[in-house]
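Taken in sequence, the protein lines are chains A and B.
Residue 484 in the numbering used here sits at position 488 of the first sequence, with consecutive numbering throughout.
Residue 253 in the numbering used here sits at position 4 of the second sequence, with consecutive numbering throughout.
All C-beta atoms, glycine included, are put in the ideal place defined by N, C-alpha and C.
Accompanying notes for the structure given below.
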Amino acid sequence: MELFDLFSYALGIRALIASVLVGLMCGVLGCFIVLRNMSLMGDALAHAVLPGVVIGFIIAGAAVASAIFMGAVVAGLLSAIFITWLQHNARTKNDAAIGIVFSAMFALGVIGISNVSRNSAHLDLDHFLFGNVLGLSDTDLYLTAGITIYVLLSVALFYRYLFATTFQPVVAETMGIPVSSIHYYLMLLLSFAVVASLQAVGVILVVAMLITPASTALLLSKRLNIVIIISGIIGIISALTGLVISDIYNTPPGPTMVVVATLIYLAAVFFAPQKGLFFKFLYKRKTRRRIQFEDTLKQTLKLHERGNLSFPNLQERLGFNNSTLRQYLSLLSQKGLVNSGKNQLVITEEGIKQATRLVRAHRLWETYMVEEMSMDAGQIHEEAERYEHVLTDDILDELEARLGYPQLDPHGAPIPQNEYQPDNSLSSLPINSTAEIAQQQLNEHLITRLWQLGLGPEEVFVITQSEDNFIEIKMGRELVKVPRTLANKINVVRVGSEAET
Amino acid sequence: MIPAISIKGLSVSYDRKTVLANVYMDMEPGQLYGVLGPNGAGKSTLFKAILGLIPSNAGQVLINGEPVDEQRKKMVYIPQKGEIDWQFPATVMDVVLMGRYPFKGIFQRLNKKDKDIAMQALEDMGIANLKNRQIGELSGGQQQRVFIARALCQQADIFLLDEPFVGVDITTEKKIIDILKELGNQGKTILVIHHDLSKVRDYFNKIILLNQWVVAYGDTELTFTEENINRAYRGQLSILHKTALD
């Protein structure tokens, strides 16, 4: 059948609309199924509705779609309740309980169908297994539309409850959210979705329409509401594209939709921003480039300080080839960090500032490795070469506070200092003077360091001793030794100067 | 004064194994309680019983003098960090706004006021700049701050924290203890399951020593004695812990 023919038939149009609805509904609902680790449950419900379909058919006949629908939903829900009961009350593993119940229900359904089929040809097992989207009646379509609207409205209305119970069920319960009612309501919606999808994709492949678009969307966004929208759209695209391709190449529609959904998923695995493998590769490359860029800047500063900054000297230090180095230098000049022309190479003030930050990171990390990790000074340079590119300002502030604002690194080189000077530093006070720790301090890291030493804001102390490398203070009955470099950064308020000791 | 939490003859068992036996305790408002005891002492079970999450074999828990079900929204629970799926598609703001859910009927949407309260809580915890981050992108300390911020949004009277300082940096630990002390000053009741005995005296003004029953509870100064601790830990106390007592 040609594409043009497909759309010219009422059946084709019904198929088209039903596919869009099923893709959307399964995509939306699937997000919760995936996030609750219930993929297997989705598959189970799809299989478990079969006996309900048969019973509905026996009671009312094929013409009454609502009877088949009711039978299917009841069978699905009973299975969900029974599975949950087994998981809580029998000593059976969760996934085993699901497997036992759904295969048993499916077996009953298959036996039922083969018995019914002997008497009439209306119930075709193949249609339930793989779908029969081109055989939809108007009633089927209305039912699918009604179910889709109901499911979407439910998700919108109960979104907060679904979010909370999916993310942290125990906390949701303490908030007064009826966690198990929400679970069963979701099972009800899932049964609805499964039944509505049977005609389009069939029992065996419904689970793909539930979990594949949702898993794709989870790779593409970090917010649940956005994930749901993306998943719905991918569901629609998969169903529509699958239907059209199946018409052109004369393949079965349901399986074709699933293959399309899977291809989109694979594309996302490789090309999703941030989480995709391709972008991880790009990110690695970008990081390597940033490191080389920063190395160029740092070496430029070092040569500048020695007064022999030139292209060949820089090239020798970095070991880059001509064109690579030119590339980085032109990047540096674009950012205003160096001025490089045909015969000149000068580092700018901003360039010095940024390069100094790298030197500070390098030397602080070296100091940390020696002082706090007891590493040998001879083996730390390589490590610091790597870490200087990744340490954030916040971590540098913490390192500095933890080390007590050191002046020299383990090799004796000066550590570029944080230029902050308190209004009134602890180290500026004469011996025997009384003061208190000021409310205002450099940053949270310094406050924490003080707290670890037992020094809180507005606590009064007396200076008892002042040596080259520490200052001793007396607070209540306790004596605390504060390293002088740390004391330089501590902001204090003078209370008096009378000698108390 | 009506106790914030009153436990009368509570017993809980799982699969015929007794976890808590015959617990009687009254907890006063405005106090910061450290809940201490060896592994398997029933600390988490005590929390779950107070929160009404598990059935008890015997006994009763009253919150502000009323049954748990009527006072559920007065309590906030901060579970251990290990129990959370960090890959979950939720931003910091999404999680903190959860703290406003108990105030909303099914047809009510979160409004500007809720967002302002959430924003204020984020600022109080010093993580306002992270509000659009996915929770898995945060450090351990930042993650714990998010959950404390959410707890603040719930505007509850009783706070139950299960090992809030595990896997958290020292700056965050200080921040959390400062906030808890301030909440205590505002008359809130705070229970913290805690393992590091060295900081007990600094952090808590009351302690509860558990080992399937209440070994001792009361003012830290009077109750946190070597004798009581040995009785609670029954020889399971390591040398490391013992030095902390000196």
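Do you know how far the Cα of residue j is from the Cα of residue i?
i      : j      : result
W335/B : Q392/B : 9 Å
T340/B : L214/A : 13 Å
N434/B : Q280/B : 8 Å
D419/A : L482/A : 15 Å
A400/B : G436/B : 16 Å
F396/B : F414/B : 12 Å
A103/A : L73/A  : 17 Å
A457/B : V18/A  : According to the sequence displayed, residue 457/B carries Ile and not Ala. Answer to the nearest angstrom: the Cα atoms are 56 Å apart.
H123/A : R87/A  : 37 Å
I260/A : K380/B : 31 Å
P479/A : V488/A : 15 Å
L341/A : P308/A : 11 Å
L314/A : I366/B : 53 Å
P278/B : D318/B : 19 Å
M34/A  : Y155/A : 18 Å
L41/A  : I407/B : 41 Å
M394/B : M342/B : Here residue 394/B turns out to be Arg, not Met, going by the sequence shown. Those two C-alpha atoms are separated by around 12 Å.
D451/B : P406/A : 35 Å
D495/B : E384/A : Residue placement at D495/B cannot be trusted, given a pLDDT of 49 that sits under 50; the coordinates are not used to answer.
Mind reading off the beta-carbon distance from residue i to residue j? Whole number of angstroms is fine, and I expect it under 8 Å.
i      : j      : result
V458/A : T430/A : 5 Å
E327/B : L409/B : The question names Glu, but residue 327/B is Ile in the sequence shown. Correct: roughly 7 Å between the Cβ atoms.
A404/A : T352/A : Checking the sequence shown, residue 404/A turns out to be Leu, not Ala. Not quite, the Cβ-Cβ distance comes to about 16 Å (not below 8 Å), so this is no contact.
Q253/B : M276/B : According to the sequence as given, residue 253/B is Ala; it is not Gln. Correct: roughly 5 Å between the Cβ atoms.
Q403/B : G348/B : 4 Å
G238/A : T252/A : 4 Å
V449/B : T469/B : 7 Å
A235/A : V16/A  : 6 Å
I467/A : S423/A : 6 Å
Around the Cβ of residue i, are there at least 16 other Cβ atoms within 10 angstroms (buried) or fewer (exposed)?
i       : result
E345/A  : exposed
G250/A  : buried
W81/A   : exposed
A481/B  : buried
R473/A  : exposed
H43/A   : buried
A93/A   : buried
R281/A  : exposed
M(-3)/A : Any reading at M(-3)/A must be qualified, since the residue scores a pLDDT of 47, below 50, and its modelled position is unreliable; the value itself is stated next. It is exposed - the Cβ of M(-3)/A has fewer than 16 other Cβ atoms within 10 Å.
R382/A  : exposed
I433/A  : buried
T497/A  : The predicted position of T497/A is uncertain, since its pLDDT is 42 and thus under 50; a value taken from the coordinates is nonetheless stated next. Classification of T497/A: exposed, given that the 10 Å Cβ count is below 16.
N317/A  : exposed
F337/B  : buried
H358/A  : buried
G452/A  : exposed
N128/A  : buried
F159/A  : buried
Y138/A  : exposed
H377/A  : exposed
M250/B  : exposed
L310/A  : buried
T283/A  : exposed
A495/A  : Annotation note: pLDDT 46 at A495/A (below 50); position unreliable, no value reported.
D291/A  : buried
H84/A   : exposed
E315/B  : exposed
H441/A  : buried
I'd like to confirm the pairing. Which residues does DSSP put opposite residue i in its beta bridges?
i      : result
E396/A : Paired residues: none, contrary to the question.
N487/A : S421/A
E468/A : Q461/A and K477/A
E432/A : V456/A and V489/A
N335/A : V342/A
V441/B : G283/B and L410/B
Q309/B : K257/B
S110/A : According to DSSP, which records beta bridges pairwise, S110/A is partnered with nothing at all.
Verify the contact flag: residue i, CB atom, against every heavy atom of the ligand COA, threshold strictly below 7 Å.
i      : result
I425/B : As presented, the structure is devoid of all ligands, the ligand COA included, so that no description of it is given.
Is the stretch 278 to 296 of chain B touching the stretch 440 to 455 of chain B in the sense that three or more CB pairs, one from each, lie closer than 8 Å? yes
Q) Any chance the stretch 353 to 370 of chain B sits against the stretch 413 to 428 of chain B, with 3 or more Cβ pairs inside 8 Å? A) no
Contact between the stretch 361 to 373 of chain A and the stretch 323 to 338 of chain A: three or more CB pairs below 8 Å? no
Give a yes or no on contact between the stretch 442 to 454 of chain A and the stretch 261 to 269 of chain B, applying the rule of three or more CB pairs nearer than 8 Å. no
- Say whether the stretch 220 to 227 of chain A touches the stretch 194 to 202 of chain A, bearing in mind that this needs 3 or more beta-carbon pairs closer than 8 Å, one atom from each stretch. no
- [ ] Count the CB pairs spanning the stretch 18 to 34 of chain A and the stretch 205 to 214 of chain A that are closer than 8 Å, and state whether there are at least three.
- [x] yes
The stretch 142 to 162 of chain A touching the stretch 179 to 190 of chain A, judged by at least three CB pairs closer than 8 Å:
yes
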